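Residue numbers (this note's numbering): 63 to 251.
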């Protein structure tokens, strides 16, 4: 016959209650950690491009560039217009590019038209490890932002596509281009 004394019953109760308390606590902590990991801030390579290194995007030996700029001229309930930039970069050859990082820089004159006046660029996160190869034939990066009515619509259209510079860095090289007007498509609705 098994004898159980009061001390062992207290020990079992303590272990049971500790387990019942710690299990939900651990699940709660794991959920917080998961939420924090999913809310990482994207960090861009904000280092400016040396103007002397810029080439016309059509003269690139490495990549084809095409930028779509979508402007929704109709203002929302707060009086803002919406603009979306989508930059598509595809390799010209079958060469493999490892650790590709892309940053596009918009013209500084747009800063006063942006509702949120922060970094005038967009691109890949510096922590990403992107490879262009036979399976991944390119990259599309974008940005969506709100615009004030700082400029009239024709002036705004001009500045939205003016002097857009792109920096592409990969493991064994780098390229700095200014987008040619024929590589930029402004779509207004």
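Even for Gly, the Cβ is constructed at its ideal location relative to N, Cα and C.
All values reported here derive from a predicted model rather than from experimental measurement.
- With contacts defined by Cβ atoms closer than 8 Å, residue 237 and residue 122 form a contacting pair.
- Assignment of residue 211 by DSSP, reduced to helix, strand and coil, places it in the coil class.
- A buried status is given to residue 232, since no fewer than 16 other beta-carbon atoms sit within 10 Å of its beta-carbon.
- The C-alpha of residue 108 lies about 15 Å from the C-alpha of residue 173.
- With a beta-carbon spacing of about 5 Å, residue 158 and residue 195 fall inside the 8 Å limit used to define contacts.
- Distances from the alpha-carbon of residue 128 to those of 116, 188, 113, 150 put 150 closest.
- If you check the CB distance, residue 210 and residue 175 come in under 8 Å.
- Distance from the CA atom of residue 118 to the CA atom of residue 156, rounded to whole angstroms, is 22 Å.
- Residue 194: member of the beta strand (DSSP E) spanning 192-194, first to last residue.
- Rounded to the nearest angstrom, the gap between the Cα atoms of residue 246 and residue 225 is 11 Å.
- Residue 143 and residue 112 have their C-alpha atoms some 32 Å from each other.
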